[in-house]
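Written below as structure tokens is the structure these notes are about.
2 protein chains.
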Amino acid sequence: MSSFPDSPAFTGFNTPSRVEADVFDLAVEGTIPPEIHGTFYRVQPDPQFPPLLGNDIPFNGDGMIARFHFENGRVHFRQRWAKTDKWKLEHDAGRSLFGAYRNPLTDDPAAKGTIRGTANTNAFLHGGRLYALKEDSPALVMDPDTLETLGYTDFGGMTGETFTAHPKIDPETGDMIGFGYASKGICTRDMTYYEVAPDGTLKREIWFENPYYCMMHDFAVTRDYALFHVVPIVSSWERLAEGKPHFGFDTTLPVHLGVLPRREGATAADIRWFTTENCFASHVMNAFQEGDRIHFDTPVAKNNMFPFFPDVHGAPFNPMESASFLTRWTVDMASNSDAFESRTRLTDMAGEFPRIDDRYQGLPYRYGWLLVIDPTKPVELKGGSAGGAVMNTLGMVDHETGTEQSWWCGPVSSLQEPCFIPRGPDAPEGDGWIVMICNRLEDRASDLLLFDATDIAKGPIASARIPVRMRFGLHGNWLPAAA
Amino acid sequence: MSSFPDSPAFTGFNTPSRVEADVFDLAVEGTIPPEIHGTFYRVQPDPQFPPLLGNDIPFNGDGMIARFHFENGRVHFRQRWAKTDKWKLEHDAGRSLFGAYRNPLTDDPAAKGTIRGTANTNAFLHGGRLYALKEDSPALVMDPDTLETLGYTDFGGMTGETFTAHPKIDPETGDMIGFGYASKGICTRDMTYYEVAPDGTLKREIWFENPYYCMMHDFAVTRDYALFHVVPIVSSWERLAEGKPHFGFDTTLPVHLGVLPRREGATAADIRWFTTENCFASHVMNAFQEGDRIHFDTPVAKNNMFPFFPDVHGAPFNPMESASFLTRWTVDMASNSDAFESRTRLTDMAGEFPRIDDRYQGLPYRYGWLLVIDPTKPVELKGGSAGGAVMNTLGMVDHETGTEQSWWCGPVSSLQEPCFIPRGPDAPEGDGWIVMICNRLEDRASDLLLFDATDIAKGPIASARIPVRMRFGLHGNWLPAAA
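As you go down the protein sequences, you meet chains A and B in turn. Counted the way the numbering used here counts, the first sequence spans residues 1 to 483. Counted the way the numbering used here counts, the second sequence spans residues 1001 to 1483.
See the structure below:
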């Protein structure tokens, strides 16, 4: 096939990989604690073919799933395509058939009728299944060992068209809690709330509408509520017809937090919407209840964080205002007001990709980890440009002591999302390790780093050399061998 | 497992790869002629585990076979381990058990009794079988499509212990002609000549002795003769007991060319040995008969070409004298003398890895290709060292016109052995393409280059981007789809 475009999304460290690979027993510097037994999954967008329209954004690549299996102090690597219906159709055609990110108006006629999802956003585990997820499509099921694709699922009855890439596991019921947006199609305000049992079947579906159509990338779940933050990363069919990027940021619209009770029998009519002034937020670190109050922790920026989804009113991208700081939004269910009770910045470090000890999902929690962008520590390569996002520091916040820790990966590397590995099912919160990928930008290679989770400042305790370059990745999760 | 040594053989571009990989439809710059239909196989030494003795030479790595399948203007990549008995034993142990290159005295006791071969020298095709070859062991059979290892073969009756990594196909009979040395074990002078039918069964075996034990890496076959060049890359059990490198070069011994008649009923008694003064030669470009004369074309250096196999008398390695020039050795079977008739240098370029249009094996031929080391064109990396041999130019010699052509790959790359692809089974000599791997040293990636075979000076007509770094490789071959 022809070569990829000579643009930043397809060159340097971002050169498409497209490699299905197996490496038995990665070479390791340091020591992998032998008690680590389980598997870390993550996904990278990786275009199967050169883009139909000549260029593309990184978020539109096909999902490539990596699996790092830890056992007896060794770690083994496997990587396979998430073979979506789109992937298969294009594979058979030998070229791209789908056009711009979430713009079916740009597709080749041969693409019509095929689910557009790329399964490139999260590799999520539930009930022994591996789900490769993209929020514009249903969940794609894969075998967690072989990484063979088994196909899309509707959980035996989901009636919405989409399933989030950021479901949560209810730590008490073991159910997977998810949602969909654009549930009746692109640009519709229709949303759906889902609860899926560990056997993969749908237990509950609630339809509702959000105040305006926008990117609903993440959400939060507490014991009694599902929480939806509505941030004006908006779109419209007019935009798509004009060939603009699907999303753009609108600084004139307010931000909302929708609170859906999870109690039996709740419906759309039970949702309560809180409203606050315009800002940018995407991923959620965690949320929890404290009496009638609900706390919702998310990195918040003053303005747009996505330069590839530009301001809808034409304002230039503002890098200073794109810095996001972990912020606690608090709403009071006992209040009569639709206003937030407070918006409190929690950290000095600017960062995104927030993660927790997932066993504390929706519960009061102490530790959070995130990727920090430290502008005082630039990437300095012999070759010149960084070739990717410069998240070069791992940060940890201890909400109990109000302290922060960080570890900088140096001037020739960048980092991908951290993931927490508990020492065991009954270990205290934070007792375990952080696993994450480090991009060695000059070597065009990657390392898998392992940290003591609450002592990240001392640096990695082990670095596994991955002989295959791991592209800019999104989200990943840990599956204990016991599960 | 623990990390590899911080030595040149294991760092930079030479970092172990160890990746079993599949890439469908490599990205290509330029155009692959759609009439190319078949598969290019090559092998790289790639250590499965860190060396038992703390460090090692590149030639001791385990064989990793790559397969590039061309069809309809596309090329697909697959790479798998040659799973030798050594590989399996070490895989199960999770560490190296075999010590230095061809020195069983350095092995772990657990290695005793297992064939030491690494299958890391050639990927050779005959009769629908893929052979992964190492000259110290039997031939390892692999499936040419899946690259699954099927195990060692003795061709149904080979009684020697070893089979060369450089067999030839007799263009008239289709038989595979091979030989073994150290056929009764390391440091023995016993050799064996083999003819193997396309069905994989042994047709003929002749035992003989060479004048002294040495590295017998290649040979030549003409219609009537098998030709063995004996060059004093020598060894002894004393060397092995002292922990020296298996081989060392001895400038005090003469060079011989053994001529074994291939006629029915020939035996060791029929071998005729010619003798000439000391020099260094390893690979053979081709040989052919002209009346009673036999011409034997090989790159010849004044002195040792292998710094890792140092002078047995302690002389320092001499880079100037290690330059090899394609040279025609001629012996006259009608003469009564044991002297060579002539030794004629054929090229101005210094090079090795000589190849031809293999359909002209043992016959008068016009074209040869080789890797040229051009000292006026050094590797200049941003990062510093070259990280490997600096064969950076493809050369072609036209024996009919006495002219040479070359193409330099630039200051940040190096090249691996060329291989000729005929346009079709009946195409004239040289009518086709050259395929070869280019190491892009700074990008830590590799390209597969395609040239018009007799117009290499204009540069590649297509470059396929291999997203996996291909280590220093040895030999490879082309299998037409029709075969």
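Cβ coordinates follow ideal geometry from the N, Cα and C atoms, glycine included.
Distance between residue j and residue i (C-alpha atoms, nearest Å)
i: residue 99(A); j: residue 244(A); result: 12 Å
i: residue 351(A); j: residue 1376(B); result: 50 Å
i: residue 1405(B); j: residue 1325(B); result: 15 Å
i: residue 204(A); j: residue 144(A); result: 25 Å
i: residue 1073(B); j: residue 1033(B); result: 6 Å
i: residue 1289(B); j: residue 1194(B); result: 20 Å
i: residue 136(A); j: residue 230(A); result: 16 Å
i: residue 1093(B); j: residue 1001(B); result: 11 Å
i: residue 1106(B); j: residue 29(A); result: 26 Å
i: residue 8(A); j: residue 1281(B); result: 48 Å
i: residue 388(A); j: residue 279(A); result: Summary for residue 388(A): the model assigns pLDDT 45, below 50, so the residue's position carries little reliability, and this model does not support an answer.
i: residue 476(A); j: residue 124(A); result: 7 Å
i: residue 1291(B); j: residue 1222(B); result: 12 Å
i: residue 972(B); j: residue 1110(B); result: Residue numbering for chain B in the displayed model covers 1001 to 1483; residue 972(B) lies beyond these limits and cannot be assessed.
i: residue 386(A); j: residue 212(A); result: Confidence is the limiting factor: at residue 386(A) the pLDDT is only 49, short of 50, which leaves the residue's position unreliable and the question unanswerable from this model.
i: residue 334(A); j: residue 340(A); result: 12 Å
Residue i vs residue j beta-carbon contact at 9 Å
i: residue 454(A); j: residue 431(A); result: yes
i: residue 336(A); j: residue 322(A); result: no
i: residue 1198(B); j: residue 1218(B); result: no
i: residue 1294(B); j: residue 1344(B); result: no
i: residue 468(A); j: residue 19(A); result: yes
i: residue 1103(B); j: residue 1240(B); result: yes
i: residue 1216(B); j: residue 1164(B); result: yes
i: residue 1274(B); j: residue 1338(B); result: yes
i: residue 434(A); j: residue 456(A); result: yes
i: residue 1065(B); j: residue 1132(B); result: yes
i: residue 1484(B); j: residue 1005(B); result: Here chain B has residues from 1001 to 1483 only, and residue 1484(B) is not among them.
i: residue 113(A); j: residue 69(A); result: no
i: residue 139(A); j: residue 78(A); result: no
Closer than 9 Å to chain B by CB, residue i
i: residue 15(A); result: yes
i: residue 391(A); result: no
i: residue 147(A); result: no
i: residue 21(A); result: yes
i: residue 110(A); result: no
i: residue 29(A); result: yes
i: residue 445(A); result: yes
i: residue 388(A); result: Caution is warranted here: a pLDDT of 45 is assigned to residue 388(A), below 50, making its placement in the model unreliable, and no coordinate value can be reported.
i: residue 473(A); result: no
i: residue 379(A); result: no
i: residue 257(A); result: no
i: residue 435(A); result: no
i: residue 49(A); result: yes
CB contact check: residue i to chain A, cutoff 9 Å
i: residue 1091(B); result: yes
i: residue 1074(B); result: yes
i: residue 1375(B); result: no
i: residue 1004(B); result: yes
i: residue 1244(B); result: no
i: residue 1382(B); result: yes
i: residue 1026(B); result: yes
i: residue 1094(B); result: yes
i: residue 1001(B); result: yes
Near the ligand FAD: residue i beta-carbon under 8 Å from a heavy atom
i: residue 315(A); result: The ligand FAD is not among the ligands present in this structure, which contains no ligands whatsoever.
| On the three-pair Cβ rule with 8 Å, is the segment 76-95 of chain A touching the segment 39-49 of chain A? | yes
| query | What are the complete beta strand (DSSP E) segments, minimum 3 residues, inside the segment 253-303 of chain A? | reply | 255-261, 272-276, 286-290, 293-301
| request: Please specify which runs of the alpha helix (DSSP H), each continuous and at least 4 residues long, are wholly inside the segment 1332-1415 of chain B, giving them in chain order. | output: none
| task | Kindly confirm or deny that the segment 248-255 of chain A and the segment 182-194 of chain A touch, where touching means at least three C-beta pairs closer than 8 Å. | result | no
| task | Count the CB pairs spanning the segment 1208-1223 of chain B and the segment 1397-1412 of chain B that are closer than 8 Å, and state whether there are at least three. | result | no
| field | Stretch pair the segment 1283-1299 of chain B + the segment 1339-1356 of chain B: three plus CB contacts closer than 8 Å | value | yes
| Is the segment 1412-1428 of chain B in contact with the segment 410-423 of chain A, if contact means three or more CB pairs nearer than 8 Å? | no
| Minimum length 4: unbroken alpha helix (DSSP H) runs contained in the segment 1156-1184 of chain B | none
| request: Please specify which runs of the alpha helix (DSSP H), each continuous and at least 4 residues long, are wholly inside the segment 1101-1130 of chain B, giving them in chain order. | output: none
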